[in-house]
Amino acid sequence: MKDKSPPGDTITFLGTGGARIMVSSQILASGGLWLNLGGTEILLDPGPGCIVQSTKRKLRGNKLSAIILSHRHLDHSGDVNVMIEAMTQGGFNPHGWLFTPADALETEPVIFSYLKDYLEGIEILKEGKSYSIGNVSFTTPIRHIHPVETYGMLFRTGEHTFSYITDSRYFNGLCRSYASELLIMNVVFLRDSPPADHLTVSDARHIVAEVKPKVAILTHFGMTMWQAKPWEIAQRLSQETGIRVIAARDGMRFDLSQLD
Ligand SMILES: [Zn+2]
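According to our numbering, the sequence shown is numbered sequentially starting from 2.
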C-alpha cells in the first residue's frame, strides 16, 4: 500500500458532534481528530465511529504513532480499543503509545487490558506535564472542570503551535493556558448557564478574544449548536472578535500552512 499521507501539518475532523444526543443520533459524526504533523500521525479522542470515519478517508491506523484521550467519556473514547487494534494490526505489529488520564485505566477501565501488550507503552497525562511523540511535543497545561479527569493539549510542531480545548466548564485558567496560533475548541452549548460542564458560545467568544489566535475552529457541537447552524455562529464570532473563526465540518481537513 502506497503512503498517501499528505506532507506538512494537517488536522482532519473525523467528527464534529459532541455529547449524548448528538452522538447517539450520528447526525454529526464523532470520530475525533486525526493529526498528521510532518508525517507523524496522531489520533485524538477516538469517539464512536472513528474506525469507520478514518478508514473511509484512507487514513491508515497502522501509520499512527500515538492515540491520545483527553478524558474517558464515551464520545471521546468509544473506539479507542478498536483503534489500538488498528494501530498495531491486531497485535501483529506492536508499536505506538497511548496517552490518557489515569482514571481511564482504573476502576471500570475504558481500555481492554489485553491491548496493553500491543503498545510500546502508556503515558499517564497529568497537569502541567510535557510529552513528545517523534518530532511533535505537547503539554497538558491545566486540568479542566469536567466530571472526570480531563486535559486539553497545546501542541508544538517544527512549524506551528495549536491547542485543543476539550470538554470543560469555563474558568479563567483556560485563556492563559492555551496561547497558540490555532485554537480548536469544543463548544457543546448554544446558550449560557449550561446544564453540564461544557463551553457555550459566549465562553468561546471570550476565549477567542483573550487568546487572539490566528484562527479558531469550533467543533464538538451538541444539538442546540447544530440547530443554530454553527457556520453562522462562527461568522458572527469572526465579526465580533476580528479573528477568523471557522465551524468544523465532518471530514474537514485543516492545513496548518493556512496560518503562515
Ligand atoms: Zn466529556
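Every residue gets a Cβ at the ideal spot worked out from N, C-alpha and C, and that includes glycine.
Give the range of the alpha helix (DSSP H) segment to which residue i is assigned.
{"i": "L75", "result": "L75 to S78"}
{"i": "T56", "result": "C51 to T56"}
{"i": "P231", "result": "P231 to T242"}
{"i": "I85", "result": "V81 to M88"}
{"i": "I208", "result": "V202 to V212"}
{"i": "T225", "result": "M224 to Q228"}
Where do the ends of the beta strand (DSSP E) carrying residue i lie?
{"i": "G39", "result": "It is not in any beta strand (DSSP E) - G39 carries neither H nor E in the DSSP assignment."}
For residue i, verify whether its CB is less than 7 Å away from any heavy atom of ligand 1.
{"i": "D168", "result": "yes"}
{"i": "H72", "result": "yes"}
{"i": "H96", "result": "no"}
{"i": "H161", "result": "no"}
{"i": "H77", "result": "yes"}
{"i": "H207", "result": "no"}
Please report the distance separating the alpha-carbon of residue i from that of residue j.
{"i": "G153", "j": "F163", "result": "11 Å"}
{"i": "H72", "j": "G32", "result": "14 Å"}
{"i": "I218", "j": "K57", "result": "23 Å"}
{"i": "L183", "j": "P195", "result": "25 Å"}
{"i": "S203", "j": "R192", "result": "8 Å"}
{"i": "G91", "j": "P49", "result": "19 Å"}
{"i": "E233", "j": "S66", "result": "36 Å"}
{"i": "D80", "j": "I52", "result": "7 Å"}
{"i": "A229", "j": "R250", "result": "14 Å"}
{"i": "T220", "j": "T17", "result": "5 Å"}
{"i": "S174", "j": "I244", "result": "Residue identity check: residue 174 is Gly in the sequence provided, not Ser. The alpha-carbon atoms of G174 and I244 are separated by roughly 21 Å."}
What I want to know is whether the C-beta of residue i ends up closer than 7 Å to one or more non-hydrogen atoms of ligand 3.
{"i": "Q240", "result": "Ligand 3 is not among the ligands present in this structure, which contains only ligand 1."}
How many whole angstroms separate the CB atoms of residue i and residue j, which I take to be in contact at a CB cut-off of 8 Å?
{"i": "F14", "j": "G252", "result": "7 Å"}
{"i": "T158", "j": "D10", "result": "5 Å"}
{"i": "L70", "j": "W227", "result": "Contact flag wrong, Cβ pair sits at about 24 Å."}
Review point. Are at least three pairs of beta-carbons, each pair with one atom in the stretch 57 to 67 and one in the stretch 86 to 94, less than 8 Å apart?
Key: yes
**Study point:** Segment contact flag, the stretch 128 to 135 with the stretch 102 to 120, C-beta cutoff 8 Å, min 3 pairs
**Key:** no
Review point. Between the stretch 19 to 29 and the stretch 109 to 122, do at least 3 Cβ pairs fall closer than 8 Å?
Key: no
Check your understanding: How do the stretch 238 to 247 and the stretch 30 to 42 stand: do at least 3 beta-carbon pairs fall below 8 Å, yes or no?
Key -> no
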